[in-house]
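Quick note: the sequence shown uses the numbering used here, first residue 733, plus one each step.
Glycine residues also receive a C-beta, built at the ideal position from the N, C-alpha and C atoms.
The structure appears below as structure tokens.
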Amino acid sequence: MTDKAKMELTSLKDEVLKVFMGKSPLDRVMANEMVKEKEREVSLLLTKLEKSEQVLNSKR
733 MTDKAKMELT SLKDEVLKVF MGKSPLDRVM ANEMVKEKER EVSLLLTKLE KSEQVLNSKR
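Below you can see the structure in the form of structure tokens.
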């Protein structure tokens, strides 16, 4: 799940570059908000992953 979210974030960042070059149908505000939302999602997933790894390691 985290890898998928990271790939989506990269794709959105690429779209933002297209927005700045005038090659995207999205406007800047929309593209930036989409990137921010995906960054929050990736951060949340990474936090969950770290907690799960800690639990797993504590059981060893």
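- In this structure, the CA atom of Lys770 is about 11 Å from the CA atom of Thr734.
- In the structure shown, Arg792 adopts coil according to DSSP, grouped into three states.
- For Lys745, the uninterrupted alpha helix (DSSP H) run begins and ends at Thr734 to Phe752, by DSSP.
- Between the alpha carbons of Val774 and Asn764 lies a gap of roughly 15 Å.
- About 6 Å separates the Cβ atoms of Glu747 and Leu758, confirming a contact at the 8 Å cut-off.
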